[in-house]
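*Asks:*
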Amino acid sequence: MIAAPAVSADTPAAAAVGLRVNGPRIVEANGATFVMRGVNHAYARYPSQTSSFANIKSFGANTVRVVLGSGQRWSATPASEVSRIIGLCKQNRLICVLEVHDTTGYGDQGGAATLDQAANYWVGIVNTLKGQENYVVINLGNEPFGNNASVSSRWAGSTTGAIRKLRSAGLQHLLMADAPMWGQDWNNIMRNNAASVFNSDPHRNTVFSVHMYGVYNTAAKVNAYFDAFRSAGLPLVVGEFGDRHSDGDPDENTIMAQAQVRGLGYLGWSWSGNSSDVAYLDMVHSFDPSRLTPWGQRFLNGANGVRQTSKQATIYG
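So in full-length UniProt numbering, spot 112 of the sequence shown is number 112, and the numbers just go up one at a time.
1. To the nearest angstrom, how far is the alpha carbon of Arg20 from that of Thr63?
2. With H, G and I counted as helix, E and B as strand and the rest as coil, what does DSSP make of Glu252?
3. Apply the 10 Å Cβ neighbour rule to Gly305 and answer buried if 16 or more other Cβ atoms are within range, or exposed otherwise.
4. Which value, in whole angstroms, describes the spacing of the CA atoms of Asn199 and Ser286?
5. Assuming the contact rule is C-beta atoms closer than 8 Å, Leu166 and Leu175 should be a hit. Round their C-beta distance to whole Å, please.
6. Whose CA, out of Tyr46, Asn223, Leu236, Tyr135, lies closest to the CA of Pro94?
7. Could you tell me whether the region 97 to 108 touches the region 47 to 60, using the rule of 3 or more Cβ pairs below 8 Å?
8. What are the start and end residues of the alpha helix (DSSP H) that includes Ser58?
9. Going by DSSP, what residue range makes up the alpha helix (DSSP H) through Ile163?
10. In terms of alpha-carbon separation, which member of Gln260, Val27, Gly161, Trp269 lies closest to residue 344?
11. Between which residues of its own chain and Val27 is the CB-CB distance below 7 Å, once the five residues before and five after are set aside?
12. In its own chain, which residues sit with a C-beta less than 7 Å from the C-beta of Ser70, not counting the 5 before and 5 after it?
13. Is Phe208 helix, strand or coil when you go by DSSP?
14. From this set, Asp282, Pro235, Phe226, Gly265, which residue's C-alpha is nearest His245's C-alpha?
15. Under 6 Å Cβ to Cβ from Trp186, same chain only, skipping five residues before and after it: list those, please.
16. Can you tell me where the beta strand (DSSP E) holding Asn139 begins and where it ends?
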C-alpha cells in the first residue's frame, strides 16, 4: 500500500508549465484533462520510419512514445534528431513521450544504463527540450531495473536523483517514471514508494508508468494496481502492454476497459519492428498501416481502443 500522502501541504510545488499533474490526472496548460491514448514506436532501431508518426495518428492516437538511445546500448540520439522527432509529433498533432531505452533491465541486462546516465543524456539536450513543455513528456528511462530484488530496491533513490538532476538543469516538463522489475513492478516497489518519489520532485510534476504484460493476467491484479494509485491520489499510466507475452497472458480487455472507466492513459507496445520471438506485439506488419495484425486490430479499432476513446490534445485545437 502507499501510505504517504501525495503532496505535503506545507511544501508547495513550484508552478508547472505545459503538461502537468493535477491530483491523479494529467492536464494541459489550459487546465483541460489529457488522457494518453497512443502507441510505442521503436525509433532508435528504425530511424528511417518517420512516416510512422502520421500513420499512428491516422488511427486517432493522441500520443506516441518514442524510443531513443543514450549511448550505452544504443547510439545516442543527437539533439538534432530529437528536434526532428518533436517536429514530427507536432506536425501530426501528437503528444510526444520521449524515452531513453538504454536503461532497460539494469541489473539483469548487461551494458544497461543507469538512471543517472539517462539523466545526463536529457541534460545534454536541454536546449532542444526547453520550450516544448506543452508537447513533450520526458520518460526518464525505460524499465530501469530488472528482476533482481536487491538492485531494484534502489529504484526510489535512483528515480529521485534523476528527477532532481533534470529539475536542476531547468527542465520543467511533465516527467514519467517507469517501474522496476522490467516495468511490471511485480514486487510493488514503485507502488509502495511512489508518494515519496512524487514529493521529491520540486514541481510535483511526475507521472508513474507501469508496463502490463504477463504479471497482469487477471482482472483482479489489474484492478488492485490501479486501485492503489487511485487511493493514493497519484497519477498513473500504462506505458506499455500487449495482448500476450512470453511471461504470460495479459488481460488487455480489463486494462483497456478500466483505463477508460478511470481516466487513465495507456500506450500499447508497439507499432512495428519487434524481434521475431515477439513479433505478435507488432500492431502492423512491416510498418504498413494497411496491414493490421490481430493485436493492432484489437488495440486500435476494438472496444475501449484508441479509435473509440482517444481525444486530441487541446493545444492542437
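Yeah, the Cβ is synthetic: ideal placement off N, Cα and C, and Gly gets one too.
As the structure is a prediction and not an experimental result, all values here were calculated from the model.
*Replies:* Taking the structure as given:
1. 15 Å
2. helix
3. buried
4. 43 Å
5. 7 Å
6. The question names Pro, but residue 94 is Leu in the sequence shown. Comparing Cα positions, the closest option is Tyr135.
7. no
8. 52 to 58
9. 155 to 168
10. Because the chain spans 1 through 317 in this model, residue 344 falls outside it and cannot be assessed.
11. Arg20, Thr33, Phe34
12. Ala76, Val100, Asp102, Ala113, Gln117, Ala118, Tyr121
13. strand
14. Asp282
15. Val215
16. 136 to 139
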